[in-house]
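*Asks:*
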């Protein structure tokens, strides 16, 4: 596949890692999941992100999972590999191996102990020295989970200091003004063009697009919605974008529960027949019967507007 | 007004503290805000909460603000006073003074350094010793902002150890299973009946009611919506409750941005003619022109379903 | 007393706040404590610091305590008042009132939620706007307890932006290189002269002096030791300074236990006959019989070198 | 080597991981370091601890390093392997592989996001399920660095629920009362006998032994001191233990600077001729010329009492 560039746009799905009920990696479901993302029209997939239970995999498994996605995606989609690690040796190993296997780029999140602006910029400088400056990379800005706060100025410095940084995964919260600030930097010439894809479960995608985002990078179980909202917004069809977004918002909101959201997403993807099991590796949240019923109710309500949410109980995912 | 009991239910608005543009307290707007909450049908109002910029007031101001709400509410609504403080002397002073002035109860949040279960239960034991066990009080459970995590078992212990604890302000996130767990404790007899009102900006009110909440306690700028959803849900009109809730959800979601939400709420309340200025005391977030336009757009969309959101530019709030 | 300037040097004791066993403020012990600090030769006293249980006092009490120290110290010593607060209104009230009563300056610590360099510098800018730029103030840099990390560059910016900032209370840990960096800034002309007094319980005072500190500001129960080490170090008597310091180090180390150190200090000050009770206000740590015996043993060992540690059981502190 | 049991006592050195200047692992220095620990009389060595820069190694390196220590130690000392990891798969891989290679046991620290008592006990339950209950393991209690706070009751529950837990690495701060509490549990029969070795850089070893610790597990660059203090204390020679301890305390204190301590220790071990380079892998602290001179001065002062600190500049470590 082609390497990631600062022109990347559209929808990159954040992929969960499918497991069998016993905790083993389910490679067949990885294939099905990859095909699913390609079929609905994703531009790329980000694997081994926070949603992907990456820390629960050992080093060999991480490489196997990422490589499987890469091979299956082929030329259809770009695969970005989350390589965040507690040390640069591990980060480098995974980054080099998966890029060699054909990945389009890697994503790096900061360790949670960084505080000052200098600590943050210093960390990414060392990280890129470690993995090599020939690998296109995505900066993940996610204070709610990572506890590291980037000002727009710090993001600019990181990007300007590292030519191989091509994308920001934006999920500060609140974050709308940050997008405006960064696009303002581009206009005043102090920041080179940068792809900005937004996360936060899609909860603010409607306005993030209007503020200048290039697309979505998140794990909502209906990537079709992300794709449509991104497209409608780029076409200038504001009301249509919001109408569709609002129909899904109750479910988007429901998925966006820290720690619990993955269980909901795996439940829906399993219900859609994409992954064979909704199991997570330990330690992981489970989904109660009450929560399943709530999701089912939300799906039925979404389906009144968007037929794609009209799911039949899955029959044969694992067959 | 009557004292707060474990039978409290319905909607308690979390009130912002109105300031003039120069940062002085706007007592006339406190009166108008109190009247507004009473007119739309709130059962009570919580003042000096996190939303209320309480830490920015000095001790004398805090008492003045709370007392003003209490006096204006009279017998129409119950006023709960946030008395969280860095020390018990300050907490006691404010609690005793405002209860003497007629408040219905007080609300206490934990300091952010508490970690173990014993530290948490020990803190509340000492707090109640300090303020006196004759004051009905509300336990605030808000990990996202306060960094203190309560298990359902710890909440039960606090409640069972303190007969004057009558209510939980529930805003764990995610929190649906916690409501179910607490109601389960009541069923198995290990927890006495407890009023549970939910916060989190109302973002999960639809399902929180279905899980057993008694009502809402949050600062959404349209308390009418909270009141209606609580009522419809209690009447068993599930679809109607969700239909109305979903119409407001895009705005509820927009308000629920940490640090920025208060600016949105003050903007809307100002636009509704309730408070004379949307100013916050320093340090405080401001609302940009872009954000105002987004809120206006959201209001116009809500108004298609709920005419109460059809706001004219305010004309005369401060006259 | 004279106002604090950037030429301040020597030893400023951090004073505990004496309480009676029932938690009431013990004003007689404040007088005795003030006299004690003056008699042993302290240049100043810092009151209402973290050690001073400041958050446990209500606003009126805080002013009373600080004023009592100020009045008693008269022209003998400079009193610095800790005015850190959760809001600027409270900070301003205490700062103005105690400066009017004759305090030499105030000390400000940052709130623990500050992260980025801009948040930190912005906070102090607003704080000084709030209290007025005519009050000499001390910047407290204490990451271990306050969770806010200042780079030397950020300290420089705060100092250069605020002419009324005259002193750094340095207690970063580790912090030796930070002193060297700041003194280096002074040498290269990018930082104006600044008084640097060091905290951390005195644990690194020996080397902090050698790195360029102007003195000590901490609460070790033998301020005589701090005074002597500061003096010996300034006289260039390196070995003598270390010899004396090392004799006290086992006790300095013992006091420097987070949360527990205050109990040790109050125990020793009570034993020395300075304060009438070692009680802390709730919530506070107590000192066990085992710990008391350990402190007594350490005192007896210090006394082999420094006779001032040869304490008789106190007889009449409160008489 | 024999498996670790609850009878373990004495001194277990926490080993740094030696690197060449270019960041490659220095296996020859591992051998020399192992021999050194054996020669001075350590009972065991803990490798891949926090001090050991474990997160900077990739999975293969971690296994190689631990195995090298194990092989070299042979029957002379017990090797404990730090297996803390962000996921159980990685933890299990390293634990099984190193135990197969002959390690005596493993050490597990909690991830920093654990808050409630239930989260903590649940984590260790799952960890032991993952690695297998046939591996003797050490519980690391280190709130200052790990942000997880264990009450004595929680430690007891973990120990009583997991028969393979044989040791506590105690480095709560303050922690003396915790040792007393745990020994009290043993006396009242609610806790089975448990080996308690203490860390915190040795800063409180003198009194920790008197409170009931079985020995030391820390990385002070003179393990001889730890060994002697543990021995003297067990022999009841209190004054002698303190005299020796106090002579080293200025250096112990100097080493105990978060983030900077490792640089000091590697500097001293290099100076002692044990490791060939004081290099750390990135990101790592360096030691300035000023700090080296301070350490040299401290060594010269220790050497007045303890000749073993009389170091000549190393000549031939790497030869």
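Chains as they are written, first to last, in the numbering used here: chain V, 681 to 999; chain F, 681 to 999; chain H, 681 to 999; chain U, 681 to 999. Here a beta-carbon is modelled for each residue, glycine too, at the ideal position from N, C-alpha and C.
When DSSP labels each residue in this structure, what does residue 699 of chain U get in the three-state scheme?
*Replies:* Translated into the one-based positions of the fourth chain, residue 699 of chain U becomes position 19. In the structure shown, residue 699 of chain U adopts extended strand secondary structure according to DSSP, grouped into three states.
*Asks:* Please return the same chain residues whose Cβ sits closer than 7 Å to the Cβ of residue 709 of chain V, not counting the five positions on each side in sequence.
*Replies:* In the first chain, residue 709 of chain V corresponds to position 29, counting from 1. Same-chain partners within the cutoff: 698, 955 and 956.
*Asks:* What residue ranges within the stretch 895-980 of chain F form continuous beta strand (DSSP E) runs of no fewer than 3 residues, ordered along the chain?
*Replies:* Unbroken beta strand (DSSP E) runs of no fewer than 3 residues, entirely contained in the stretch 895-980 of chain F, are found at 895-898, following chain order.
*Asks:* Assuming contact is defined by CB atoms lying nearer than 8 Å, are residue 828 of chain U and residue 773 of chain U in contact in what I supplied?
*Replies:* Translated into the one-based positions of the fourth chain, residue 828 of chain U becomes position 148. Translated into the one-based positions of the fourth chain, residue 773 of chain U becomes position 93. Their beta carbons are not under 8 Å apart, which means residue 828 of chain U does not touch residue 773 of chain U by this criterion.
*Asks:* At a CB-CB cut-off below 9 Å, which residues of chain V make contact with residue 980 of chain F?
*Replies:* Here residue 980 of chain F refers to the residue found at position 300 of the second chain. Neighbours of residue 980 of chain F on chain V: none; closest Cβ ~10 Å, over 9 Å.
*Asks:* Among H/746, H/755 and H/781, whose alpha-carbon lies nearest the alpha-carbon of residue 722 of chain H?
*Replies:* For the purposes of this step, residue 722 of chain H is taken as the residue at position 42 of the third chain. In this structure, H/755 is the residue among H/746, H/755 and H/781 with its C-alpha nearest to the C-alpha of residue 722 of chain H.
*Asks:* Roughly how many angstroms lie between the CA atoms of residue 777 of chain F and residue 783 of chain F, to the nearest whole one?
*Replies:* Walking along the second chain from the start, residue 777 of chain F turns up at place 97. Walking along the second chain from the start, residue 783 of chain F turns up at place 103. Distance between the alpha carbons of residue 777 of chain F and residue 783 of chain F: 9 Å.
*Asks:* Residue 778 of chain H by DSSP, collapsed to three states: which one?
*Replies:* The residue labelled residue 778 of chain H in the question sits at position 98 within the third chain. In this structure, residue 778 of chain H counts as helix in the three-state DSSP scheme.
*Asks:* Jot down the residue ranges of each uninterrupted alpha helix (DSSP H) in the stretch 721-757 of chain U, minimum 4 residues, whole runs only, in chain order.
*Replies:* 739-753
*Asks:* Along the stretch 727-743 of chain V, what residues have a CB closer than 7 Å to any CB found in chain U?
*Replies:* 735, 736, 737, 738, 739 and 741
*Asks:* Could one say the Cβ of residue 976 of chain H lies closer than 8 Å to chain U's Cβ atoms, at least one of them?
*Replies:* Along the third chain, one-based indexing puts residue 976 of chain H at 296. It does not; no Cβ of chain U falls within 8 Å.
*Asks:* For the alpha helix (DSSP H) that contains residue 802 of chain F, what are its first and last residues?
*Replies:* Taking the first residue of the second chain as 1, we reach residue 802 of chain F at position 122. Residues 797-811.
*Asks:* Who are residue 817 of chain H's beta bridge partners in DSSP?
*Replies:* Mapped onto the third chain, residue 817 of chain H falls at position 137. Answer is H/786 and H/845, bridged to residue 817 of chain H.
*Asks:* Considering only C-alpha positions, which residue in the set F/865, F/988 and F/981 is nearest to residue 908 of chain F?
*Replies:* Stepping through the second chain from its first residue, residue 908 of chain F is reached at position 228. Checked all of F/865, F/988 and F/981; the closest Cα to residue 908 of chain F is F/988.
*Asks:* Please classify residue 869 of chain F: is it buried, with 16 or more other beta-carbons within 10 angstroms of its beta-carbon, or exposed?
*Replies:* The residue labelled residue 869 of chain F in the question sits at position 189 within the second chain. So residue 869 of chain F counts as exposed.
*Asks:* Return no unless some Cβ of chain H is closer than 8 Å to the Cβ of residue 801 of chain V.
*Replies:* Sequence index remark: in the first chain, residue 801 of chain V carries index 121 (1-based). Contact of residue 801 of chain V with chain H is not assigned, every C-beta pair being separated by 8 Å or more.
*Asks:* Around the C-beta of residue 682 of chain U, are 16 or more other C-beta atoms found within 10 angstroms, so that it is buried, or is it exposed?
*Replies:* Residue mapping note: residue 682 of chain U aligns to position 2 of the fourth chain, counting from 1. With fewer than 16 Cβ atoms within 10 Å of its Cβ, residue 682 of chain U is classed as exposed.
*Asks:* How should residue 687 of chain V be labelled, buried or exposed, when 16 other C-beta atoms within 10 angstroms of its C-beta is the threshold for buried?
*Replies:* Position 7 of the first chain holds residue 687 of chain V. Answer is exposed; the Cβ neighbour count stays below 16.
*Asks:* List, in chain order, every chain H residue whose beta-carbon is nearer than 8 Å to that of residue 926 of chain U.
*Replies:* Taking the fourth chain and counting its residues from 1, one reaches residue 926 of chain U at position 246. Within 8 Å Cβ-Cβ: 926, 929, 930 and 981.
*Asks:* Taking Cβ-Cβ distances shorter than 7 Å, what residues in chain F pair up with residue 922 of chain V?
*Replies:* Taking the first chain and counting its residues from 1, one reaches residue 922 of chain V at position 242. Under the 7 Å cutoff, chain F gives 981.
*Asks:* Would you report the Cα separation of residue 898 of chain V and residue 800 of chain U, rounded to the nearest angstrom?
*Replies:* For the purposes of this step, residue 898 of chain V is taken as the residue at position 218 of the first chain. For the purposes of this step, residue 800 of chain U is taken as the residue at position 120 of the fourth chain. Approximately 30 Å, taken between the alpha carbons.
*Asks:* Thinking C-alpha only, which one of F/862, F/857, F/854 and F/884 is nearest residue 847 of chain F?
*Replies:* Here residue 847 of chain F is taken as the residue at index 167 of the second chain, counted from 1. If we check each option's Cα against that of residue 847 of chain F, F/862 comes out closest.
*Asks:* Count the C-beta pairs between the stretch 741-752 of chain H and the stretch 704-719 of chain F that are closer than 8 Å, then say yes if the count reaches three, no if not.
*Replies:* no
*Asks:* Residues of chain U with CB closer than 7 Å to the CB of residue 769 of chain V, please, in chain order.
*Replies:* In the first chain, counting from the first residue as 1, residue 769 of chain V sits at position 89. Correct list: 736, 737, 738 and 741.
*Asks:* To the nearest angstrom, report how far apart residue 926 of chain U and residue 930 of chain H are at their CA atoms.
*Replies:* Counting from 1 along the fourth chain, the entry for residue 926 of chain U is found at position 246. Counting from 1 along the third chain, the entry for residue 930 of chain H is found at position 250. About 7 Å.
*Asks:* Report, in whole angstroms, the separation of the C-beta atoms of residue 842 of chain H and residue 811 of chain H, which I expect to be a contact under 8 Å.
*Replies:* The sequence position of residue 842 of chain H within the third chain is 162, counting from 1. The sequence position of residue 811 of chain H within the third chain is 131, counting from 1. No, residue 842 of chain H and residue 811 of chain H are not in contact; Cβ-Cβ is about 11 Å, not under 8 Å.
*Asks:* Is it true that the stretch 902-921 of chain H meets the stretch 883-901 of chain U, where meeting means three or more beta-carbon pairs spaced less than 8 Å apart?
*Replies:* no
*Asks:* Quick check: residue 821 of chain V and residue 798 of chain V, are their CB atoms within less than 8 Å of each other?
*Replies:* The residue given as residue 821 of chain V occupies position 141 in the first chain. The residue given as residue 798 of chain V occupies position 118 in the first chain. For residue 821 of chain V and residue 798 of chain V, no; Cβs fall outside 8 Å.
*Asks:* Using a 10 Å radius around the Cβ and a threshold of 16 neighbouring Cβ atoms, would you call residue 875 of chain U buried or exposed?
*Replies:* In the fourth chain, counting from the first residue as 1, residue 875 of chain U sits at position 195. By the neighbour-count definition (other C-beta atoms within 10 Å, threshold 16), residue 875 of chain U is a buried residue.
*Asks:* Where do the ends of the alpha helix (DSSP H) carrying residue 859 of chain U lie?
*Replies:* As a first step, residue 859 of chain U is located in the fourth chain; it is residue number 179 there, counting from the start. Here the alpha helix (DSSP H) through residue 859 of chain U covers 856-867.
*Asks:* For residue 968 of chain V, go through chain F and note every residue whose CB falls closer than 9 Å to its CB, in chain order.
*Replies:* Residue numbering aside, residue 968 of chain V sits at position 288 when the first chain is read from its first letter. Those within 9 Å of residue 968 of chain V in chain F are 856, 857 and 860.
*Asks:* Could you tell me which chain V residues have their CB closer than 7 Å to the CB of residue 853 of chain F, listed as they occur along the chain?
*Replies:* On the second chain, residue 853 of chain F is found 173 positions in, with the first residue counted as 1. 937 and 938, listed in chain order.
*Asks:* Which word fits residue 691 of chain H, buried or exposed, when buried means at least 16 other C-beta atoms lie within 10 angstroms of its C-beta?
*Replies:* Working through the third chain from its first residue, we reach residue 691 of chain H at position 11. So residue 691 of chain H counts as buried.
*Asks:* Between the alpha carbons of residue 951 of chain U and residue 981 of chain U, how many angstroms are there, rounded?
*Replies:* Working through the fourth chain from its first residue, we reach residue 951 of chain U at position 271. Working through the fourth chain from its first residue, we reach residue 981 of chain U at position 301. C-alpha separation (whole angstroms): 16 Å.
*Asks:* With a cut-off of 8 Å, does the C-beta of residue 849 of chain H fall near any C-beta of chain F?
*Replies:* Here residue 849 of chain H refers to the residue found at position 169 when the third chain is read from its first residue. No, its Cβ sits nowhere closer than 8 Å to a Cβ of chain F.
*Asks:* Got a sec: which bits of the stretch 804-831 of chain F sit with their beta carbon under 7 Å from any beta carbon on chain H, in order along the chain?
*Replies:* 806
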